[in-house]
Ligand code: SF4
Ligand code: ZN
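In my numbering, the protein residues as written are 1358 to 1663.
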């Protein structure tokens, strides 16, 4: 197998493009895809202050590495979820990457913000950890970006993440979610940072190859709460299809973006306002995070009295 750029020995096969690359040319290809996605969807300019969310996994650390190499103005944010064992290892992985590259990393702890970790918040609110975690992440990432003067929240969602979400939304005809699914969600309020996903055309396998070639010290372990998630089932189903017909995932994603207007009617006219308690953007008088906090606070008082 020969590299399609330099004709040297190829070691990475990119089946979705029927291509193969040597390690150096693969790195060039990966960076070019990211730059192209950023420009094609007008995600951000070269000087804009970006807040990149990093978990310590291969996707977010590969994106961090790529944005630094491409010369973007990027600061990373790691959210310590307080999940025993896993969160310590995630945080240390991010710290070691930042130290290795001399890159800027900020760490926010859910426990310090709310007085409770994600598993404790889930237990007290009687919800599954991922539901609480998703809400906390959206809230804190946006708040941190707006308060820190960052225009954009950048996340490491890859093609596999995006198509599995797309499949889930289609299977359940979540037309509201379909109307909002896009690699670039612009800001619609001064207190709402725009959200972008520059890796949305790159597969999990490609991110792994980039991380290995660049010797990125990523955490291979998944969050323990991810086990059994339906998104994993959708990813496996899509992997079977991709195996038999390479390029299906990318065509699925691109076709959706091309026909996205079909779901325009489901786009709700939302009037954004500021939460009466914390001042963050919400569609209600009090934001979902403050309502959750209030609910948990009430339960604690009752149990203390009891
Ligand atoms: Fe949060 Fe873990 Fe669930 Fe992901 S899998 S949403 S990190 S609790
Ligand atoms: Zn609030």
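Quick reminder that beta carbons are idealized off the backbone N, C-alpha and C, glycines included.
Quick caveat, the model's predicted, so the values are computed rather than measured.
Around the Cβ of residue 1505, are there at least 16 other Cβ atoms within 10 angstroms (buried) or fewer (exposed)?
For the purposes of this step, residue 1505 is taken as the residue at position 148 of the chain shown. Exposed, because fewer than 16 other Cβ atoms sit within 10 Å of the Cβ of residue 1505.
Mind checking who residue 1510 pairs with in its DSSP beta bridge?
Here residue 1510 refers to the residue found at position 153 of the chain shown. In the DSSP output, where bridge partners are listed per residue, residue 1510 has 1408 and 1552.
Go ahead and label residue 1377 buried or exposed: buried means 16 or more other beta carbons lie within 10 angstroms of its beta carbon, across all protein chains shown.
By one-based count along the chain shown, residue 1377 stands at place 20. Label assigned to residue 1377: buried.
With H, G and I counted as helix, E and B as strand and the rest as coil, what does DSSP make of residue 1366?
Here the question's residue 1366 lines up with position 9 in the chain shown. Here residue 1366 sits in strand by DSSP.
Which residues in the same chain have their Cβ closer than 6 Å to the Cβ of residue 1603, if we skip the five residues on either side of it in sequence?
Translated into positions along the chain shown, residue 1603 becomes position 246. Correct list, in chain order: 1372 and 1373.
Just confirm the distance between the C-beta atoms of residue 1536 and residue 1418, as a whole number of angstroms; I'd bet it's less than 8 Å.
Counting from one through the chain shown, the residue named residue 1536 turns up at place 179. Counting from one through the chain shown, the residue named residue 1418 turns up at place 61. Going by Cβ atoms, the distance from residue 1536 to residue 1418 rounds to 31 Å, so no, they are not a contact pair.
Hey, how far is the Cα of residue 1654 from the Cα of residue 1646?
Against the chain shown, residue 1654 aligns to sequence position 297. Against the chain shown, residue 1646 aligns to sequence position 289. Between residue 1654 and residue 1646, the C-alpha separation is close to 12 Å.
Flag this pair as yes or no: are the beta carbons of residue 1333 and residue 1432 separated by less than 8 Å?
A query on residue 1333 cannot be resolved here, the shown segment of the chain reaching from 1358 to 1663 and no further.
Three CB pairs or more closer than 8 Å across the stretch 1548 to 1558 and the stretch 1628 to 1643
yes
Cutoff 6 Å; reference residue 1643; Cβ partners in own chain excluding five residues on either side
Sequence index remark: in the chain shown, residue 1643 carries index 286 (1-based). Closer than 6 Å at Cβ, skipping near neighbours: 1632, 1633 and 1634.
Quick check on DSSP: helix, strand or coil for residue 1498?
The sequence position of residue 1498 within the chain shown is 141, counting from 1. Residue 1498: helix per DSSP, three-state reduction.
Measuring alpha carbon to alpha carbon, tell me which residue in 1370, 1389, 1499 and 1573 is nearest residue 1553.
For this step, residue 1553 is matched to residue 196 along the chain shown. Among 1370, 1389, 1499 and 1573, the Cα nearest to that of residue 1553 is on 1499.
Where does residue 1453 land, buried or exposed, given buried means 16+ other C-beta within 10 angstroms?
As a working note, residue 1453 is residue 96 in the chain shown. Looking at its Cβ environment, which holds fewer than 16 other Cβ atoms inside 10 Å, residue 1453 is exposed.
Segment limits, beta strand (DSSP E) that includes residue 1544:
Residue numbering aside, residue 1544 sits at position 187 when the chain shown is read from its first letter. Per DSSP, residue 1544 belongs to no beta strand (DSSP E) and is neither H nor E.
Should residue 1583 be listed as close to the ligand SF4, given that the test is whether its C-beta is under 7 Å from any heavy atom?
The residue given as residue 1583 occupies position 226 in the chain shown. For the ligand SF4, at least one heavy atom lies less than 7 Å from the Cβ of residue 1583.
Can you tell me the Cα-Cα spacing of residue 1401 and residue 1470, whole angstroms?
Numbered from its first residue, the chain shown carries residue 1401 at position 44. Numbered from its first residue, the chain shown carries residue 1470 at position 113. Each residue's Cα considered, the two are about 29 Å apart.
Whole angstroms is fine: what's the gap from residue 1473's alpha carbon to residue 1610's?
Along the chain shown, one-based indexing puts residue 1473 at 116. Along the chain shown, one-based indexing puts residue 1610 at 253. Straight-line Cα distance between these residues: approximately 37 Å.
Just how far apart, CA to CA, sit residue 1656 and residue 1481?
On the chain shown, position 299 is the one that residue 1656 refers to. On the chain shown, position 124 is the one that residue 1481 refers to. Per-residue confidence for residue 1656 stands at a pLDDT of 36, beneath the threshold of 50, marking its modelled position as unreliable; the derived number appears in the next sentence. Going by the C-alpha atoms only, they are around 8 Å apart.
What's the call for residue 1485, buried or exposed, on a 16-neighbour Cβ count within 10 Å?
Here the question's residue 1485 lines up with position 128 in the chain shown. When all chains shown are included, residue 1485 counts as exposed.
Simplified DSSP state of residue 1628, which is helix, strand or coil
What you label residue 1628 is simply residue 271 of the chain shown in a count that begins at 1. Reduced to three states, the DSSP call for residue 1628 is coil.
Classify residue 1563 as buried or exposed, calling it buried when 16 or more other Cβ atoms lie within 10 Å of its own Cβ.
The count along the chain shown starts at 1 and reaches residue 1563 at position 206. Counting Cβ neighbours within 10 Å, residue 1563 comes out buried, since at least 16 surround it.
Which residue's Cα is closest to the Cα of residue 1515: 1483, 1579, 1607 and 1496?
Residue 1515 sits at position 158 when you count from the first residue of the chain shown. The candidate whose alpha carbon is nearest that of residue 1515 is 1607.
Where do the N-terminal and C-terminal ends of the alpha helix (DSSP H) with residue 1455 fall, by residue?
One-based indexing of the chain shown puts residue 1455 at position 98. Run containing residue 1455: 1443 to 1458, per the alpha helix (DSSP H) assignment.
Among residues of its own chain, excluding the 5 on either side of residue 1404, which ones have a beta-carbon nearer than 8 Å to its beta-carbon?
Counting from 1 along the chain shown, the entry for residue 1404 is found at position 47. Excluding sequence neighbours, residue 1404 sits near 1430.
Taking 7 Å as the cut-off, is the beta-carbon of residue 1644 closer than that to any non-hydrogen atom of the ligand ZN?
As a position in the chain shown, residue 1644 is number 287, starting the count at 1. Yes, the Cβ of residue 1644 comes within 7 Å of a heavy atom of the ligand ZN.
Quick one: give me the first and last residue of the beta strand (DSSP E) that residue 1378 is part of.
Here residue 1378 is taken as the residue at index 21 of the chain shown, counted from 1. Note, residue 1378: beta strand (DSSP E), 1376 to 1378.
Supposed close pair residue 1383, residue 1586 - CB separation, criterion 8 Å:
Counting from 1 along the chain shown, the entry for residue 1383 is found at position 26. Counting from 1 along the chain shown, the entry for residue 1586 is found at position 229. Not quite, the Cβ-Cβ distance comes to about 30 Å (not below 8 Å), so this is no contact.
Taking the CB atoms as reference points, tell me whether residue 1672 and residue 1465 lie closer together than 8 Å.
Residue numbering for the chain in the displayed model covers 1358 to 1663; residue 1672 lies beyond these limits and cannot be assessed.
Can you give me the C-alpha to C-alpha distance between residue 1359 and residue 1385, rounded to a whole angstrom?
To locate residue 1359, count along the chain shown from 1; it is residue 2. To locate residue 1385, count along the chain shown from 1; it is residue 28. Between residue 1359 and residue 1385, the C-alpha separation is close to 16 Å.
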